[in-house]
Amino acid sequence: MKNAATKLLAEHSIPLAVITNLISTTLNIPDDSSSNISHGMIFVLLSGLLIAPFIETFVFQHIIYKAFYKKPSVYFISSILLFYTIHIDGRGFFIALLPGLLGGANFSLCYFRANRMKLNAFMTTSLSHLLCNSLIIISACLFWR
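Just so we're aligned: the sequence shown equals residues 146 to 290 in my numbering.
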């Protein structure tokens, strides 16, 4: 599992670096401490938008669903709590309540329902997560300067 995630990140880090450089060049963003936006920040944003939703869906919905598909309540509790736990980071557990518990519940339900409807649950949930992250980043850029 860990090797698969490491391989996935390694395979996508070069294209993300190229995209980061293209965006920085196009927007004329200097990569030094005098700029508010750097190549590193763009890389982190793109990683959060393009890689994290797919890895998190795989880990927190797909694998857990496969393990507990006959016990939906165990699936939901496990998926939501693990998703919440990973979103605590340095901010504390109260601040992580909204993205962790609500996001975890939303994406768990999305995966569960898409699977029951015979849709591609992985892509449906990953794209939902990507859209959610996009809205969060756009909101942060607009309102938290």
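A virtual CB, placed ideally from N, CA and C, is assigned to each residue, including glycine.
In three-state DSSP terms, what is residue i?
i	result
ILE283	helix
TYR214	coil
MET262	coil
PHE267	helix
LEU154	The predicted model places LEU154 with a pLDDT of 41, which falls under 50 and marks its position as unreliable, so this point remains unresolved.
CYS277	helix
Please name the residue in the options whose C-alpha comes closest to that of residue i.
i	options	result
PRO217	PHE252, PHE257, LEU287, SER279	PHE257
LEU243	TYR214, ASN278, ASN265, LYS211	ASN278
HIS274	LEU194, ILE187, VAL189, PHE188	LEU194
LEU227	LEU246, GLY235, LYS215, ILE240	LEU246
ALA250	ILE222, GLY185, ALA266	ILE222
LEU272	ILE231, VAL204, ILE196	ILE196
With a threshold of 16 other CB atoms inside 10 Å of the CB of residue i, please say whether the residue is buried or exposed.
i	result
SER284	exposed
GLY248	buried
ALA212	exposed
LEU191	buried
PHE239	exposed
PHE288	exposed
Once you ignore the five residues that flank residue i on each side, which residues in its own chain have a CB closer than 7 Å to its CB?
i	result
GLN206	SER224, PHE252, SER253, TYR256, THR270
What does a CB cutoff of less than 8 Å around residue i pick up in its chain, not counting 5 residues either side in sequence?
i	result
ILE282	LEU190, GLY193, LEU194
ASP234	ALA241
So with Cβ pairs under 8 Å, would you call residue i a contact of chain D?
i	result
TRP289	Reference to chain D is not applicable here, since this structure consists of a single protein chain.
So, are the CB atoms of residue i and residue j less than 8 Å apart?
i	j	result
TYR220	TYR214	yes
TYR210	ASN265	no
Please return the same chain residues whose Cβ sits closer than 6 Å to the Cβ of residue i, not counting the five positions on each side in sequence.
i	result
GLU201	none
HIS232	ALA241, PRO244, GLY245
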